[in-house]
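Numbered by our numbering, the letters in the sequence shown go through residues 126 to 307 in order.
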Amino acid sequence: MSVVAIPTRRHPGTRPARPRTGPTLTITLDLVPGPLSPRLARLVQLLGELAESGEGQLRTVEDVVPAPRPAPSPAAGAPSADAAHVRILAGSRMVRQGDQVVPLTRIEYELLLFLAERPRRVFTRLQLLSSVWGYEHAVARTVDVHVRRLRAKLDGSEVVTTVYGVGYRLADEARISVDHSR
126 MSVVAIPTRR
136 HPGTRPARPR
146 TGPTLTITLD
156 LVPGPLSPRL
166 ARLVQLLGEL
176 AESGEGQLRT
186 VEDVVPAPRP
196 APSPAAGAPS
206 ADAAHVRILA
216 GSRMVRQGDQ
226 VVPLTRIEYE
236 LLLFLAERPR
246 RVFTRLQLLS
256 SVWGYEHAVA
266 RTVDVHVRRL
276 RAKLDGSEVV
286 TTVYGVGYRL
296 ADEARISVDH
306 SR
């Protein structure tokens, strides 16, 4: 479930909203299925109270984002949409695993793209920091955290391999393709 708080617009028959004097704030919460923690439940309750007072609107993501359309069937010769195949659509900065879109952060996306464009090459943490992050003054373990999160989001696919004592590389068995036209 996702919750989105969006500033209100005056609708006929409602009381006028407080005039906007500052910037707009949109809050998006991606919630896992199941019960909410007490603090998160309180946040959702407060957002609802703000919406009821006329200071904003509370809508679920289904109200804001239309339901995804089914993916078109792959053309002849295109990679199959099996669950283990990862496709990077570089033009739209989207990653698909099978027929599912994988939501990645900017760094996770750039890390995956960097490794996919350079198969069978091993990169040290410092090389990845320099090439993907654009700087070397961060803690090298930052790379480990992002690799772990990337692996978790691409569940069921061994995409990134650890070369112990050295760094990381794209796995030999990785079923991954990069499409620069999309």
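We treat Cβ as the ideally placed atom computed from N, Cα and C, and that holds for glycine.
Remember, predicted model here, so these are calculated numbers, not experimental data.
Practice item. Could you have a look at Thr267 and say whether DSSP puts it in helix, strand or coil? Key: As a working mapping, residue 267 is identified with position 142 in the sequence shown. Reduced to three states, the DSSP call for Thr267 is helix.
Check your understanding: Cα-Cα, which of Val291, Val270, Asp280, Val257 is closest to Ala299?
Key -> Working through the sequence shown from its first residue, we reach residue 299 at position 174. Minimum Cα distance to Ala299 is reached at Asp280.
Review point. Taking all protein chains shown into account, do 16 or more other C-beta atoms lie within 10 angstroms of the C-beta of Gly290, making it buried, or fewer, making it exposed?
Key: Your numbering for residue 290 matches position 165 in the sequence shown. Gly290 comes out exposed.
Review point. In the structure shown, what three-state DSSP assignment does Gly292 receive?
Key: As a working mapping, residue 292 is identified with position 167 in the sequence shown. Here Gly292 sits in strand by DSSP.
Check your understanding: Are the stretch 252-259 and the stretch 229-242 in contact at 8 angstroms, needing three or more beta carbon pairs?
Key -> yes
Exercise for review: Could you tell me whether the Cβ atoms of Leu229 and Leu275 are closer together than 9 angstroms?
Suggested key: Here residue 229 refers to the residue found at position 104 when the sequence shown is read from its first residue. Here residue 275 refers to the residue found at position 150 when the sequence shown is read from its first residue. The answer is yes: Cβ separation under 9 angstroms.
Review point. On the premise that His271 lies in contact with Ala215, defined as a C-beta separation below 8 angstroms, what is that separation, rounded to the nearest angstrom?
Key: What you label residue 215 is simply residue 90 of the sequence shown in a count that begins at 1. What you label residue 271 is simply residue 146 of the sequence shown in a count that begins at 1. With a Cβ gap of about 19 angstroms, Ala215 and His271 do not count as contacting.
Check your understanding: Quick one, which of Pro163, Ala208, Arg250 has its alpha-carbon nearest Val264's?
Key -> Counting from one through the sequence shown, the residue named residue 264 turns up at place 139. When each option's Cα is compared against that of Val264, the closest is Arg250.
Review point. Which term fits Ser282, buried or exposed, when burial requires 16 or more other beta carbons within 10 angstroms of its beta carbon?
Key: As a position in the sequence shown, residue 282 is number 157, starting the count at 1. The residue is buried, with at least 16 neighbouring Cβ atoms inside 10 Å.
Check your understanding: With burial defined as no fewer than 16 other Cβ atoms inside 10 Å of the residue's Cβ, what is the status of Leu165: buried or exposed?
Key -> Working through the sequence shown from its first residue, we reach residue 165 at position 40. Counting Cβ neighbours within 10 Å, Leu165 comes out exposed, since fewer than 16 surround it.
Review point. Comparing the C-beta of Pro228 with each C-beta of chain B, is any distance below 9 angstroms?
Key: No chain B appears in the structure shown, which is made up of a single protein chain.
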